[in-house]
């Protein structure tokens, strides 16, 4: 290693790293398009006592700006310090700064076609090959990959497909089975519901009742609450202090989708201490949200106002927002354009609800409608079975050295590996954990189970490194 | 199984099978090109006592017409009969009848770009997934892949990359390490030389001397042999009874390349009984060829005439040819266009010679010149390191259930796995074996070592099937 990473500080969250760019082929799987692009990597070598050998911790970046994942994966930094590892975060192509065709990347289907998980894994393989041969020629360098969520799926798949490249993978909250026919399409929203029930069963009941109330009020052409309004939609818009009025019944659909996403996000970030992963939030945010919905709310007025207070806590914890925007994404750091495309090609994750096992409006999974929407939006037809053919579905016991960790509060745990598949494919369960809580920095308010999970992960990773040198 | 394969006979070599076609995506790794093509499969189910379950033997087709491989892989048929397995031969895309764009497949670089090993493996994975879900829904079906040469590389890689799809692979004469920096570029032609030396050391010496003699005679503008000729090139052309005269010094280069290929091919097909793999030949053809070159030949005349007699035996064993054609391929069954393209993209297998350890003219490996030729011919630049990044090079011990068999007479053994890498990655050596002799039908003249190799292979495959059901 020639660079002194200790002297660089490009981080705004206390982590020090150097930003590097590595030239990648846009198309690893064909030989006609020889275009190249610069892929971003964040690298820190300061934990290494010497310049030679030693483990490398590599984060397989997911659908967003890599600095965001870097700043929300404190455990990897802590463990790297302890095990004297080089730290690298690799940005996923088509996200953050790693855009193969710059601003044009999303404009043209022919430019977008290289956004696939296979190409992303090949990027990481190419970089790690370069790292071994150019940074550490002739040395034995164990590489451990880390990832959360889709990044965890990539970590697991990377160890499956390129086991020669890495010694093991920590796949945190990685829903590798959230594909067609592998898990029930209702499991995801059922888990969201359970997380709300876990805090307060009445809260979930109120949310379940809210959909019908919204529908009822929205369909009224005259006032239904105390004051006199022109239409029910105005009532709802005013109650929710929406930035834009609900002008049509489609807008009411948007509101409901936004509310559903809010409840889902809350289950994902139900962390035991104040955090700012998707939004700035207090500790155990569902507890806070549910404080408004903890008692049976029998009138339309009280129910809608309480739902408003609940979501206002989520979107406006800082008190700075004067209105709520139902078209706003939860965070600017996630590349929603890219993920929309991936969800329309490989990453088809069926979801449905029945309003009984879950607190949502009953909606069946309709692949044909989904596919039509993808055709319209991206001119692509999803191939829902392809990831199963490519990555093996539930038949993955020939793989080794992958830790699957899941927090049970996290909706994505419904598509994750929650039982050990073999001695070298252990599942670690964190009952009080939300979305990849274990990857976050140690916190005084951490529940005991996440501390234990991290200890286990450390022991296993330490053993992988030992095995590699033997 | 609905079809009765016993009633079908589409074979011209005693094997009965049904020819099926399976619709494949031309591009598995992108979502813009949704073109499809019909991939050919040869299927025989007559060894199964019932219509349910049971093992499937699947040949991962290589660079040629699949019927040719089918007719030269008798061991798979014999073993299938014994183990009551379904037999399937899958044709490789861009060969035989499996042309994604019909006759246009090779005309346009954009149509040819889907000819890669990754796409071929994805074809096989898609078909096996279909086979399991549509032919045997709900049943446990172990699939064993077989392949020889490049087909053996595909078998090995298939088990590495899609271990959920198959229980094990017999990779016969598969030079998976014949890539840049993995083996010495001189090893291949050294092995050819050793195979000739094995029969007769003087034979190899005569061949080594022949290059300089050809050069010397070709560069003479006047007669050098008894009779008077216009030029040395005419002398050579007449001696070799060439169909077309050697009009330029480039033609002399073509002659030498053709001679070198002949010696290489002879080492590949040095089978212990009369065969017709590349050309109709007697048993141990090198013995026959070397009978003309078994004594020191000190005059130009005698050396050239003896070399002619030797190659004439190879190309004209049936005595039907009135002249020798140095532009003729050894067999029409191999898709040389396709393989040329693959060799110019992924399958870069460096070869060199020094004239000391081998019997060839000294030629260094020159990647730049090779690459330029590829640019000129196919408008592609080879990526010689890509197969190592993709398939792991020598670092493949995380894989399991792959038999690597190699005959030591076979030049390709120089790039093969000739020592067991682990208990589940056994190497089987056949000292008296040429190119995937073990895959051929049992023959009364089989050397003992190939019989033993087949016994071992049977035992291991039987165990894989047992393990699968347990």
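Residue numbers (the numbering used here), protein chains in the order written: chain B, -3 to 466; chain A, -3 to 466.
Glycine included, each C-beta is placed from N, C-alpha and C at the ideal position.
Predicted model, so just to flag it, every value in this text is computed and none were measured.
Helix, strand or coil at residue i according to DSSP, with G and I counted as helix
{"i": "residue 252 of chain A", "result": "helix"}
{"i": "residue 21 of chain A", "result": "strand"}
{"i": "residue 82 of chain A", "result": "strand"}
{"i": "residue 115 of chain A", "result": "helix"}
{"i": "residue 36 of chain A", "result": "strand"}
{"i": "residue 412 of chain B", "result": "coil"}
{"i": "residue 418 of chain B", "result": "strand"}
{"i": "residue 405 of chain A", "result": "coil"}
{"i": "residue 388 of chain B", "result": "coil"}
{"i": "residue 258 of chain A", "result": "helix"}
{"i": "residue 15 of chain A", "result": "strand"}
{"i": "residue 482 of chain A", "result": "Nothing can be reported for residue 482 of chain A, as the shown portion of chain A is limited to -3 through 466."}
{"i": "residue 162 of chain A", "result": "coil"}
{"i": "residue 91 of chain A", "result": "strand"}
{"i": "residue 370 of chain B", "result": "helix"}
{"i": "residue 202 of chain A", "result": "helix"}
{"i": "residue 292 of chain A", "result": "coil"}
{"i": "residue 383 of chain B", "result": "helix"}
{"i": "residue 266 of chain B", "result": "coil"}
{"i": "residue 464 of chain A", "result": "helix"}
{"i": "residue 155 of chain A", "result": "helix"}
{"i": "residue 129 of chain B", "result": "helix"}
{"i": "residue 343 of chain B", "result": "coil"}
Close-in-space but distant-in-sequence residues of the same chain around residue i (CB under 7 angstroms, 5 per side omitted)
{"i": "residue 141 of chain A", "result": "54, 56, 151, 154, 155, 162, 165"}
{"i": "residue 540 of chain B", "result": "It is not possible to answer for residue 540 of chain B, since the shown part of chain B is limited to -3 through 466."}
{"i": "residue 311 of chain A", "result": "275, 317, 320"}
{"i": "residue 433 of chain A", "result": "267, 403, 426, 446"}
{"i": "residue 22 of chain B", "result": "29, 31, 32, 33, 96, 110"}
Assumed close pair residue i, residue j - CB separation to whole angstroms, cut-off 8 angstroms
{"i": "residue 91 of chain A", "j": "residue 284 of chain A", "result": "Residue 91 of chain A to residue 284 of chain A, Cβ: 31 angstroms. No contact."}
{"i": "residue 239 of chain A", "j": "residue 320 of chain A", "result": "7 angstroms"}
{"i": "residue 79 of chain A", "j": "residue 461 of chain A", "result": "7 angstroms"}
{"i": "residue 168 of chain A", "j": "residue 144 of chain A", "result": "4 angstroms"}
{"i": "residue 13 of chain A", "j": "residue 36 of chain A", "result": "That pair is no contact at about 11 angstroms."}
{"i": "residue 286 of chain B", "j": "residue 192 of chain B", "result": "7 angstroms"}
{"i": "residue 176 of chain B", "j": "residue 346 of chain B", "result": "6 angstroms"}
Which residues DSSP lists as bridging residue i, in chain order
{"i": "residue 350 of chain B", "result": "Looking at the DSSP assignment, residue 350 of chain B forms no beta bridge with any residue, so it has no partner."}
{"i": "residue 238 of chain B", "result": "B:320"}
{"i": "residue 400 of chain B", "result": "B:167, B:423"}
{"i": "residue 55 of chain B", "result": "B:85, B:142"}
{"i": "residue 277 of chain B", "result": "B:271"}
{"i": "residue 359 of chain B", "result": "B:349"}
Proximal residues to residue i (C-beta, below 6 angstroms), its chain only, five neighbours per side dropped
{"i": "residue 393 of chain B", "result": "417, 418"}
{"i": "residue 464 of chain A", "result": "138, 163"}
{"i": "residue 233 of chain B", "result": "241, 242"}
{"i": "residue 171 of chain B", "result": "408, 411, 412"}
{"i": "residue 457 of chain A", "result": "140"}
{"i": "residue 389 of chain A", "result": "178"}
Residues of its chain near residue i, where Cβ-Cβ distance is below 8 angstroms and the 5 sequence neighbours each way are ignored
{"i": "residue 81 of chain B", "result": "43, 44, 50, 51, 52, 53, 75, 140"}
{"i": "residue 105 of chain A", "result": "374, 375, 376"}
{"i": "residue 65 of chain A", "result": "55, 57, 58, 85, 144, 147"}
{"i": "residue 205 of chain B", "result": "293, 299"}
{"i": "residue 108 of chain B", "result": "90, 101, 102, 337, 374"}
Taking Cβ-Cβ distances below 7 angstroms as the criterion, which residues of the stretch 53 to 85 of chain A are in contact with chain B?
none
Short of 9 angstroms Cβ to Cβ, which residues in the stretch 16 to 34 of chain A face chain B?
21, 23, 24, 25, 26, 27, 28, 29, 30
Name, going along the chain, the residues of the stretch 340 to 360 of chain B whose beta-carbon falls closer than 9 angstroms to a beta-carbon of chain A.
340, 341, 342
Which residues, in order along the stretch 392 to 411 of chain A, keep a beta-carbon less than 7 angstroms from a beta-carbon of chain B?
392, 394, 396
Taking a cut of 7 angstroms between CB atoms, which residues from the stretch 118 to 141 of chain B lie near chain A?
Against chain A - using a Cβ distance shorter than 7 angstroms - the residues of the stretch 118 to 141 of chain B are 121, 122, 125.
If you measure beta-carbon to beta-carbon, which residues of the stretch 437 to 449 of chain B are closer than 7 angstroms to chain A?
none
Could you please tell me which residues of the stretch 280 to 302 of chain A, in chain order, have their CB closer than 8 angstroms to any CB of chain B?
none
Could you name the residues of the stretch 96 to 109 of chain B whose beta carbon sits closer than 9 angstroms to any beta carbon of chain A, in the order they occur along the chain?
105, 106, 108, 109
Residues within the stretch 155 to 188 of chain A neighbouring chain B, beta-carbon criterion of under 7 angstroms:
157, 159, 160
Which of the residues in the stretch 378 to 389 of chain A, read from start to end, lie with their CB under 9 angstroms from any CB of chain B?
378, 379, 381, 382, 384, 385, 386, 387, 388, 389
Selection of the stretch 253 to 266 of chain B by Cβ proximity to chain A, strictly under 9 angstroms
none
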